[in-house]
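Take a look at the structure set out below.
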Ligand SMILES: *[C@@H]1O[C@H](CO)[C@@H](O)[C@H](O)[C@H]1NC(C)=O
Ligand SMILES: *[C@@H]1O[C@H](CO)[C@@H](O)[C@H](O)[C@H]1NC(C)=O
């Protein structure tokens with residue numbers, strides 16, 4: 001094809017200019033090109049390359065529906081709740097029987113730095129949890145030294161002290177390693193801590209990040225009902241920065257397990273096909289201080305998303321928070337063009353503070369920044 005094309009333009013030139021010297025022939029060939037095309041090539045190609053450098057990730061994300069097929073759909077279990085309906089009826093609505101006594105519940109988290117969210121979580125789950133298990137490391141997943149934030153603020157959590165199994169694990173600080181290696185190392189250490197906490201077969205174990213908060217009534221239901229799935233993922237409402245920005249309802253990583261000694265392993269990936277609808281809240285990047293955003297952006301498994309230093313500029317971060325825009329200038333991760341295009345641009349503001357964690361609304365003075373209309377963050 002290409003050769004034929006060249007031949008053709010050569011012939012054309014021969015026709016116009018006849019037999020001529022090499023220099024003239026070259027001019028002939030060049031005349032064949034439109035000057036505008038030439039300018040377009042000289043300016044356009046470098047601009048395109050620069051554009052791909054800046055936005056290459058956007059291009060690949062935008063084309064994601066073409067190169068990535070969606071994960072296998074979950075078996076979604078309808079979720080019923082009303083405070084006036086008896087537990088026996090609620091269990092029956094889900095197709096389960098009710099137990100004579102509730103199961104014990106263990107809530108285990110790998111803690112980073114989200115102290116306010118931990119307070120909201122533990123207060124939410126407090127009535128139904130037998131043992132809180134918390135592990136923290138002096139290393140982030142990307143191998144950056146971090147303070148033991150929980151240890152330094154332990155006094156704030158006096159209400160949980162009598163039911164707390166706390167442990168620390170030293171970071172390995174291996175340079176240039178994939179952050180997921182440190183993460184799985186810390187999760188294995190958490191497995192040991194859960195055993196130390198005294199868990200036994202058929203106790204419920206909640207596996208979730210600190211900011212994935214199951215609602216209290218969900219955990220109460222699961223501890224009272226018989227025949228619930230051995231491993232059950234929880235569908236949570238996804239929020240970003242605060243409860244003002246409701247992104248979607250697609251969070252599924254949190255899970256609840258009926259513990260089986262020697263078999264149950266602490267994990268944060270998909271472990272079963274069952275997903276219980278509307279079971280709580282996932283509040284990502286819900287921090288009080290701008291510095292916490294900077295720390296999180298640099299220090300965790302997605303540190304590679306900080307492609308330019310100006311991403312860490314405090315006034316830029318503040319601006320993104322108030323607009324519900326993406327901190328890393330990324331496009332949404334979706335598997336169909338319909339959903340991807342529907343989600344382009346900032347997340348719309350939500351004006352609902354209905355059905356949020358109780359501790360948050362009981363302490364609005366303390367947690368105002370998590371509620372609609374309060375996007376300004378403290379520096380420091
Ligand atoms: C719930 O039950 C209480 C006591 O039986 C009753 O007074 C109240 O009206 C009920 N509320 C709803 C919303 O059904
Ligand atoms: C991290 O913690 C481990 C275990 O407590 C300790 O040996 C190590 O010195 C600590 N490293 C840093 C950099 O603080």
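Residue numbers (the working numbering): 1 to 380.
No residue lacks a Cβ here, since even glycine has one placed at the ideal position from N, Cα and C.
For ligand 2, any of its heavy atoms closer than 6 angstroms to the Cβ of residue 145? yes
Ignore the nearest five residues each way along the sequence and tell me which others in residue 169's own chain have a CB closer than 7 angstroms to its CB. 135, 137, 186 and 189
Classify residue 384 as helix, strand or coil using the three-state DSSP reduction. In this structure the chain extends from 1 to 380, so residue 384 is not present and cannot be described.
When we look at the beta-carbon of residue 309 and count the other beta-carbons within 10 Å, is it buried (16 or more) or exposed? exposed
With DSSP as the reference, label residue 100 as helix, strand or coil. coil
For residue 326 and residue 320, I'd like the C-alpha separation in whole angstroms. 6 angstroms
For residue 69, which residues in the same chain have their Cβ closer than 8 angstroms to its Cβ, ignoring the five residues on either side in sequence? 335, listed in sequence order.
With residue 252 as the anchor, note down where its alpha helix (DSSP H) starts and where it stops. Run containing residue 252: none; DSSP gives neither H nor E here.
Do residue 84 and ligand 2 come close, with the Cβ less than 6 angstroms from some heavy atom? no
Terminal residues of the alpha helix (DSSP H) in which residue 292 lies: Here the alpha helix (DSSP H) through residue 292 covers 290 to 299.
Rounded to the nearest angstrom, how far is the Cβ of residue 191 from that of residue 259, given a contact under 8 angstroms? Actually they are not in contact, since the Cβ atoms of residue 191 and residue 259 sit about 11 angstroms apart, beyond 8 angstroms.
Would you identify the three-state DSSP class for residue 215, choosing helix, strand or coil? coil
Just tell me which of 84, 164 and 341 has its CA closest to the CA of residue 61. 341
Does the segment 202 to 222 touch the segment 288 to 303, meaning 3 or more C-beta pairs lie closer than 8 angstroms? no
Using three-state DSSP, classify residue 365 as helix, strand or coil. Three-state result, residue 365: helix.
Candidates 71, 147 and 142, of which the one nearest residue 179 by Cα: The residue with the shortest Cα to Cα distance from residue 179 is 142.
Please name the residue, chosen from 207, 120 and 125, that lies closest to residue 367 on a Cα-to-Cα basis. Cα-wise, what sits closest to residue 367 is 120.
Residue closest to residue 339, alpha-carbon to alpha-carbon, out of 351, 52, 65 and 41: 65
Between the CA atoms of residue 37 and residue 1 - distance to the nearest angstrom: Confidence at residue 1 is low in this model, with a pLDDT of 43, below 50, so its placement is unreliable and the value that follows should be read with caution. In a straight line, the C-alpha of residue 1 is about 21 angstroms away from that of residue 37.
Inspect the CB distances between the segment 71 to 85 and the segment 277 to 294 and report whether three or more fall short of 8 angstroms. yes
Take residue 166 and list the residues in its own chain whose beta-carbon comes closer than 6 angstroms to its own, dropping the five residues that flank it on each side. Beyond the five residues adjoining it in sequence on each side, residue 166 comes within less than 6 angstroms, by CB distance, of 134 in the same chain, given in chain order.
Rounded to the nearest angstrom, how far is the Cβ of residue 236 from that of residue 324, given a contact under 8 angstroms? 18 angstroms between Cβ atoms; not a contact.
Chain-order list of residues whose beta-carbon lies under 8 angstroms from that of residue 238 (same chain, five-residue window excluded): 246, 247, 248, 249, 250, 251, 282 and 284
Which of helix, strand or coil does DSSP assign to residue 354? coil
Name the two residues that bound the continuous alpha helix (DSSP H) containing residue 123. Segment 115 to 125, the alpha helix (DSSP H) holding residue 123.
Using only CA atoms, which one of 175, 287 and 173 lies nearest to residue 243? 287
Which value, in whole angstroms, describes the spacing of the CA atoms of residue 204 and residue 272? 16 angstroms
For residue 171 versus residue 139, is the C-beta distance shorter than 7 angstroms? yes
Between residue 170 and ligand 2, is there a pair consisting of the residue's CB and a ligand heavy atom that are separated by less than 6 angstroms? Residue 170 Cβ: within cutoff of ligand 2.
Express the C-alpha separation of residue 361 and residue 55 in angstroms, rounding to a whole number. Whole-angstrom Cα-Cα distance: 40 angstroms.
So is the beta-carbon of residue 363 under 6 angstroms away from any non-hydrogen atom of ligand 2? no
In terms of residue numbering, what span does the alpha helix (DSSP H) encompassing residue 416 cover? For residue 416 there is no data in the structure shown, the boundaries of the chain being 1 and 380.
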